[in-house]
Structures are given as C-alpha cells and as structure tokens.
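I have placed the structure first, in the form of structure tokens, so that the comments after it can refer back to it.
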Amino acid sequence: RREQGLSSPDAVRYAFSTVGMALWVTSLALIAGFLVLSLSAFELNSSMAQLTAITIMLALVADFLLLPTLLMKFDEMNQKGEAENAQAQ
7 RREQGLSSPD AVRYAFSTVG MALWVTSLAL IAGFLVLSLS AFELNSSMAQ LTAITIMLAL
67 VADFLLLPTL LMKFDEMNQK GEAENAQAQ
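Residue numbering for the sequence shown follows the numbering used here, starting at 7 and increasing by one per position.
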C-alpha cells in the first residue's frame, strides 16, 4: 500500500491484516502434511518430511518477525537515497 501513501509501518500492518491469516493457515496445513509424512517407515521420506516441516516453521517465524523489520529498514534506506539524489540534482 505504499502507492496509496501509507507509511512503512502502516503498509506492513495492512499487508499482515489482509494476508496474515492465509499465510498462517497455508503454512500450518503444509507443516501438518509433512509431519504426517514424517511417520513413514521409509527413512528417506521421514527425514525429508521432518526437515521440510522444520524449514516451513522457520520460514513462518521469519515472515512474521524478521520480514516487517527488514521491509521498514530497506524503505528507510531507499528514502534516504532518494533524498540524497534529489539534493545532488
């Protein structure tokens, strides 16, 4: 929603309020599916499923904890760069 003039924190809040639940549900469904697959007697399938479930869990945590901070920091850096370019011209 940056194109609508929202600040970075407001844009992040808007994004999570609109897609946050879908992200949770999709991730939890995938984690559950891979955890079921981890019960397989075939060791290769079981190990792959465990690693995949852990990876999806870590990605979900990163999406909600790290991504907003990074987005706001990059936007701040971008705005500083644009201001410096405007002053140089």
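Here a beta-carbon is modelled for each residue, glycine too, at the ideal position from N, C-alpha and C.
By the 16-neighbour rule on beta-carbons within 10 angstroms, Phe-40 is buried. For the options Asp-81, Ser-33, Phe-48 and Leu-43, the alpha carbon positioned closest to that of Gln-56 is the one of Leu-43. At a Cβ-Cβ threshold of 9 Å, Leu-36 and Ala-59 count as neighbours. Note that the C-beta distance between Phe-80 and Gly-26 is not below 9 Å. Where Ala-47 is concerned, there is no enclosing alpha helix (DSSP H), because DSSP gives it neither an H nor an E.
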